[in-house]
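Just so you know, this note's numbering puts 60 at position 17 of the sequence shown, and the rest follows in order with no gaps.
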Amino acid sequence: MSDNKEQNKQANNPLHGKKLADILQELVDAYGWEELGLRININCFNSDPSIKSSLKFLRRTQWARDKVEALYLEYLDNPWNKDKNK
Numbered sequence: 044m045s046d047n048k049e050q051n052k053q054a055n056n057p058l059h060g061k062k063l064a065d066i067l068q069e070l071v072d073a074y075g076w077e078e079l080g081l082r083i084n085i086n087c088f089n090s091d092p093s094i095k096s097s098l099k100f101l102r103r104t105q106w107a108r109d110k111v112e113a114l115y116l117e118y119l120d121n122p123w124n125k126d127k128n129k
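This is the structure:
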């Protein structure tokens, strides 16, 4: 029974099954590096940004990853982005 609850919980989680690289690429496509750096003030977004260096930092730094995931959830909830998320 607890397995069923866990599956339900994951089914409702928009981050479930999403790779960090895909999340980051989607945010870069939507906002660009400059805007990402303004929204989340981390050096890997502001100084010579790249997907590779940002992923390396985000995989090692949980607080930064949490902020990126929160921004992604905010992006998904934005009604102006509904047509992009299909």
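Don't be surprised by glycine CBs; every beta carbon is placed ideally from N, CA and C. These numbers come from a predicted model, not from an experiment.
For Ala-73 versus Tyr-118, is the C-beta spacing smaller than 8 Å?
yes
So Ser-97 and Leu-58 are supposed to be a Cβ contact under 8 Å. How far apart are they, rounded?
With 8 Å as the limit, Ser-97 and Leu-58 do not qualify as a contact, their Cβ atoms being about 17 Å apart.
Let me make sure I understand the geometry here. Which of Lys-95, Phe-88, Glu-112 has the alpha-carbon closest to that of Gly-60?
Glu-112
Drop a sphere of 10 angstroms on the beta-carbon of Leu-81, count the other beta-carbons inside from all chains shown, and report buried for 16 or more, exposed for fewer.
exposed
If you measure between the beta carbons of Trp-106 and Pro-92, is that distance less than 8 Å?
no
What is the DSSP secondary structure of Ser-96, reduced to helix, strand or coil?
helix
Fully enclosed by the stretch 53 to 85, which alpha helix (DSSP H) runs are 4 residues long or longer?
63 to 82
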